[in-house]
């Protein structure tokens, strides 16, 4: 849950690429399975996963490009890896020439795989449009709302809140994980009107 991962996700939507949202608690074979099953070409990871991925690159034959979401300035970026922060430095954005249709896949989210191997669940741009309307109409989201999101953005619930927040121009308070004390502090500090507590 960080701002750069949101920027990357929105950028991937816009160019018609498909983000495969990984549970950040996964390790080892769980990561390898999903990355390879989805035929991922690029793997962007949090700083605390870099060492594991570096040691297991041979297990990820589909990946051509690696990148890291730095959690602090001191984070070391391995040679040949992308520093995601650099994507958003300066003002060199160019509009893509790609047309993304409503039936095109927007994300691939994998099931927990409790009874068998995880399955990739494809969600289209139209699915997200409907869930966005659900957030705005059924929950009455508006530009005066302040939404606290401390549930994982790899999950559909947080994704629905994220999209609705952006659509209405509300404020998003983003946390890496749930913490009851911090939730109460942030609620007072920012005037939070909606929690997404697990």
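Numbering (the numbering used here), first residue to last: -15 to 182. All C-beta atoms, glycine included, are put in the ideal place defined by N, C-alpha and C. Note that this is a predicted model, so its numbers are computed, not measured.
Chain-order list of residues whose beta-carbon lies under 7 angstroms from that of residue i (same chain, five-residue window excluded)
| i | result |
| --- | --- |
| residue 161 | 134 |
| residue 80 | -2, -1 |
| residue 14 | none |
| residue 39 | none |
Residue i and residue j closer than 7 angstroms at C-beta
| i | j | result |
| --- | --- | --- |
| residue 95 | residue 102 | yes |
| residue 47 | residue 30 | no |
| residue 198 | residue 89 | Any property of residue 198 remains undetermined from this structure, which presents the chain solely from -15 to 182. |
| residue 144 | residue 178 | no |
| residue -9 | residue 53 | no |
| residue 120 | residue 154 | no |
| residue -1 | residue 82 | yes |
Own chain partners of residue i with C-beta closer than 8 angstroms, once the 5 adjacent residues on each side are dropped
| i | result |
| --- | --- |
| residue 27 | 19, 37, 44, 47, 49, 50, 51 |
| residue 92 | 2, 3, 4, 5, 22, 104, 105, 106, 107 |
| residue 141 | 135, 180 |
| residue 157 | 130, 131, 132, 133, 170, 174, 176 |
| residue 184 | Lying outside -15 to 182, the shown extent of the chain, residue 184 is not represented and no answer is given. |
| residue 111 | 90 |
| residue 86 | 108, 109, 110, 113 |
Those residues which DSSP pairs with residue i across a bridge
| i | result |
| --- | --- |
| residue 155 | 130 |
| residue 52 | 29, 67 |
| residue 178 | 131 |
| residue 106 | 92 |
| residue 117 | In DSSP, residue 117 forms no bridge with anything. |
| residue 4 | 92 |
Cut-off 6 angstroms between Cβ atoms - residues of its own chain near residue i, not counting five sequence neighbours on either side
| i | result |
| --- | --- |
| residue 167 | none |
| residue -15 | 137, 158, 160 |
| residue 7 | 138 |
| residue 55 | 31 |
Taking one C-beta from the region 124 to 138 and one from the region 149 to 165 each time, how about it: are there three or more such pairs within less than 8 angstroms?
Touching, yes, given that three or more Cβ pairs across the two stretches are closer than 8 angstroms.
Are there three or more Cβ pairs, one per stretch, closer than 8 angstroms when the region -4 to 16 is compared with the region 61 to 73?
Between the region -4 to 16 and the region 61 to 73, the count of Cβ pairs shorter than 8 angstroms is below three; the stretches do not touch.
Check whether the region 164 to 174 and the region 111 to 125 touch, using three or more Cβ-Cβ pairs below 8 angstroms as the test.
With the cut-off at 8 angstroms, the region 164 to 174 and the region 111 to 125 do not touch.
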